[in-house]
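> Pasting a structure below so you can have a look.
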Amino acid sequence: MKHMTLKEITVACGGVYYGDDESYHKEVSSVVIDSRKVEKDSLFIAIRGARVDGHMFIPQTIQDGALCALSEKRIENASYPYILVFSCAQALKDLAEHYRKGLDVKVIGITGSVGKTSTKEMLASVLEQQFSVLKTEGNYNNEIGLPLTIFNIREEHQIAVLEMGISDFGDMEQLAKMARPDICLLTNIGVAHIEQLKTRDGILKEKASMLLYMNPEGHVVLNGDDDKLVTVKPANHIEPTFFGLNPDLPYYADEIQDLGLKGTTAVFHTPNGAFSAHISIPGHHMVYNALAATVVAYIFEMKDEDIKRGIEALVPLAGRNNLIETESFTIIDDCYNASPTSMKASLQTLAKADTRTVAILGDMGELGENANQMHYEIGEFIASTDIDILICIGELSTQIAAGTEQNPRISIHHFDTKADFLAHMTDMLQKDDTILVKASNFMGFAEIVDALGVTKS
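If you want the numbering used here, it's the 1-based position in the sequence shown plus 7.
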């Protein structure tokens with residue numbers, strides 16, 4: 008990471024330093040909250056978790072080479088430097104905000120109800136054709152993960168692609184103050200987290216608050232096919248750039264050819280012309296992701312051939328519409344998360360298979376008082392498809408099964424738990440089945456992917 012001394016850190020997080028003067032002027036090599044990731048001269052921030060209090064690991068982190076610790080507790084007779092703060096969680100964010108301000112790097116903030124991660128991966132794949140890029144890894148997109156991602160930005164990085172996920176009012180302000188994006192990219196406004204944010208307008212307001220903390224000379228990139236995003240009028244008077252399938256938009260795609268599980272080809276139109284590209288990951292939404300990446304690439308003055316190469320170089324992540332071939336099955340591993348919109352998109356992908364199709368679905372979380380109805384509507388959607396077998400797991404998923412019953416051709420099964428299903432799995436599946444595995448992350452459906460014979464990376 009870029010150099011920061013303990014003195015600078017103390018001031019940035021409003022703490023009180025305890026330790027020797029020589030250490031006070033030393034630089035830390037990294038910032039960590041996981042004691043297992045401590046290296047020489049790390050700064051360890053002791054976060055209080057739901058199960059574990061990081062303060063109990065402070066002495067061990069010092070033994071393992073940490074230069075200093077941030078602590079909410081006074082450490083009596085400490086033989087090592089530490090910084091006393093009121094809240095380690097807040098200090099983590101304050102320090103990330105300070106660190107970001109000292110970076111000479113272009114930051115792209117990505118948010119939306121669905122597709123944040125797949126858009127982030129597409130964008131990074133394109134930009135990496137010309138620039139040194141850092142991107143959010145895993146699920147490090149919240150108020151704890153985002154600052155850790157920011158601390159990973161190095162002087163050699165030219166662009167940082169930061170995924171920003173929220174679940175309640177006020178979350179985006181915390182994230183945007185740290186990220187200070189130069190480019191704000193919003194993918195869509197759906198119903199994910201509607202339990203807390205109440206309406207799609209509430210979701211729009213919260214996500215669009217990112218724009219209040221962006222570079223006033225920056226860019227706003229929006230999905231022009233989204234009925235909510237087309238209403239956005241940034242308070243900073245930046246004119247948004249829209250993309251979509253509407254040919255009246257400055258960036259649009261047409262001649263879309265669905266290749267089933269082999270992905271999609273499309274022609275991408277820009278203000279300078281057009282180019283065709285093959286997206287290897289299946290799903291109609293991937294065309295939108297490629298369009299979003301094209302807009303941002305044009306902001307950075309990339310050439311069409313480099314954009315095309317980046318689109319075609321994209322490979323899927325585990326748990327994110329990842330197509331896996333085994334000796335027995337073709338598996339669509341999309342078990343990282345689920346919302347009504349993404350569930351329907353994944354089911355459409357499954358329906359493209361030319362084999363027997365099996366949907367293994369679990370509960371979707373954070374849908375509020377209409378959760379039962381939203382699950383039932385997924386069942387109604389399945390009833391309109393050619394999917395052969397539906398396997399539902401979980402309490403809310405009984406509604407998916409109920410909604411599907413209007414199509415008697417589909418074989419429907421429900422299990423209360425994963426363990427119940429796994430006990431009967433081999434009796435229900437056949438060789439060469441194409442299987443979709445999808446649910447919200449709390450359902451832990453990665454275990455089902457593993458049970459199907461896949462070694463997770």
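Heads up, the beta-carbon is just placed ideally off N, CA and C, and yes, glycines get one too.
Note that this is a predicted model, so its numbers are computed, not measured.
Less than 8 Å between the C-beta atoms of Leu236 and Leu229, yes or no?
Their beta carbons are under 8 Å apart, which means Leu236 touches Leu229 by this criterion.
> Once you ignore the five residues that flank His105 on each side, which residues in its own chain have a CB closer than 7 Å to its CB?
Excluding positions up to five away in sequence, the list reads Ala19.
> What does the Cβ neighbour count give for Arg58, buried or exposed, with the cut at 16 atoms within 10 Å?
The residue in question, Arg58, is exposed, as its Cβ has fewer than 16 Cβ neighbours within 10 Å.
> Give me the Cα-Cα distance between Leu397 and Asn414, rounded to the nearest whole angstrom.
C-alpha separation (whole angstroms): 11 Å.
> Distance check for Ala446 and Phe452, CA to CA, integer angstroms please.
So the two alpha carbons sit approximately 7 Å from each other.
> Return the chain-ordered list of same chain residues with a C-beta closer than 8 Å to the C-beta of Asp439, the five sequence neighbours on each side being excluded.
Excluding positions up to five away in sequence, the list reads Ser335, Phe336, Thr337, Thr362 and Arg363.
> State the DSSP-derived secondary structure class of Ser404, mapped to helix, strand or coil.
Note: Ser404 maps to helix in three-state DSSP.
> Could you spell out where the alpha helix (DSSP H) holding His62 opens and where it closes?
Taken as a continuous stretch (DSSP letters only), His62 belongs to no alpha helix (DSSP H), as it is neither H nor E.
> For Phe249, which residues of its own chain have a beta-carbon under 6 Å away from its beta-carbon, when the five flanking residues on both sides are left out?
Once the five neighbours on either side are set aside, the close Cβ partners of Phe249 are Leu229, Gly231 and Leu256.
> Could you have a look at Cys399 and say whether DSSP puts it in helix, strand or coil?
Strand, per DSSP.
> What number of angstroms, rounded off, separates the C-alpha of Ser37 from the C-alpha of Ile16?
So the two alpha carbons sit approximately 12 Å from each other.
> Who are the near neighbours of Tyr87 in its chain, counting only those whose CB is closer than 6 Å to its CB and skipping five residues on each side?
Closer than 6 Å at the Cβ level, and outside the excluded window around Tyr87, lie Ile69.
> Tell me whether the beta-carbon of His292 lies closer than 8 Å to the beta-carbon of Gly122.
Going by C-beta atoms, His292 is nearer than 8 Å to Gly122.
> Quick check on the DSSP output: what are the complete alpha helix (DSSP H) runs of length 4 or more inside the region 77–136, in order along the chain?
95–108 and 123–134, all fully within the region 77–136.
> Taking C-alpha atoms, which residue in Thr12, Thr333 and Tyr31 lies nearest to Gly460?
Answer by Cα proximity: Thr333.
> Beta carbon of Ile1, beta carbon of Cys95: below 8 Å?
Because residue 1 is not part of the residues shown, which for the chain are 8 to 464, the question remains open.
> In three-state terms, what does DSSP make of Glu29?
Helix, per DSSP.
> Alpha carbon to alpha carbon, how far is Ser464 from Asn329?
Only weak support is given to the placement of Ser464: the predicted model assigns it a pLDDT of 36, under 50, and the value that follows is read from those uncertain coordinates. Near 12 Å, if we compare the C-alpha coordinates of Asn329 and Ser464.
> Does DSSP put His10 in a helix, in a strand, or in coil?
DSSP places His10 in coil when its eight states are reduced to three.
> Take every Cβ of the region 136–151, pair it with every Cβ of the region 197–216, and state whether three or more of those distances are shorter than 8 Å.
Contact between the region 136–151 and the region 197–216 is absent, because fewer than three Cβ pairs lie under 8 Å.
> For Leu266, list the residues DSSP reports as bridge partners.
Beta-bridge pairing links Leu266 to no other residue.
> Expressed to the nearest angstrom, what Euclidean distance is found between the alpha-carbon atoms of Ala85 and Ile54?
Spanning the two alpha carbons is a distance of roughly 19 Å.
> Might you give, ordered along the chain, the residues of its own chain that have their beta carbon closer than 6 Å to the beta carbon of Asn243, omitting 5 neighbours on each side?
Same-chain partners within the cutoff: Pro223.
> Please determine if the region 429–444 and the region 344–357 are in contact, where contact requires at least 3 C-beta pairs separated by less than 8 Å.
In short, these stretches touch, since the Cβ pair count reaches three.
> Could you have a look at Tyr305 and say whether DSSP puts it in helix, strand or coil?
In the structure shown, Tyr305 sits in a helix (DSSP, three-state: H, G or I).
> Taking Gly172 as the reference, give the member of Gly21, Lys214 and Gly209 with the closest Cα.
Taking only the C-alpha atoms, the option nearest Gly172 is Lys214.
> Would you mind stating whether Ala408 and Leu134 have Cβ atoms separated by less than 8 Å?
Against a cut-off of 8 Å, the Cβ pair of Leu134 and Ala408 comes out as no contact.
> How many angstroms separate the CA atom of Thr12 from the CA atom of Asp178?
Looking at the two C-alpha atoms, the distance is approximately 29 Å.
> Do Gly26 and Leu77 come within 8 Å of each other at the CB atom, strictly closer than that value?
It is not a contact, given that the beta carbons lie outside the stated cut-off.
> Please classify Arg161 as buried or exposed, where buried requires at least 16 other C-beta atoms within 10 Å of its C-beta.
Per the 10 Å Cβ criterion, exposed.
> Measure from the alpha carbon of Ser125 to the alpha carbon of each residue in Leu211, Leu436 and Tyr295, then state which is nearest.
Ranking Leu211, Leu436 and Tyr295 by Cα distance to Ser125 puts Tyr295 first.
> Give a yes or no on whether 8 Å exceeds the smallest Cβ distance from Ala409 to chain C.
Absent from the structure: chain C. Only one protein chain is present.
> Give me the residue from Leu204, Ala281 and Glu163 with the minimum Cα distance to Leu374.
Selected option, being the one with the closest Cα: Leu204.
> With a threshold of 8 Å on Cβ separation, who are the neighbours of Ser283 within its own chain once the five nearest residues in sequence on each side are excluded?
So the qualifying residues of the chain are Glu262, Thr272, Ala273, Val274, Phe275 and Lys315.
> So Leu252 and Tyr258 are supposed to be a Cβ contact under 8 Å. How far apart are they, rounded?
About 10 Å separates the two Cβ atoms, so there is no contact after all.
> Sorted by chain position, which residues of the same chain lie with C-beta nearer than 6 Å to Cys191's C-beta, five sequence neighbours on each side aside?
If we look at Cys191 and ignore the five residues flanking it on each side, its Cβ neighbours are Gly116, Met217, Leu218, Met221 and Val227.
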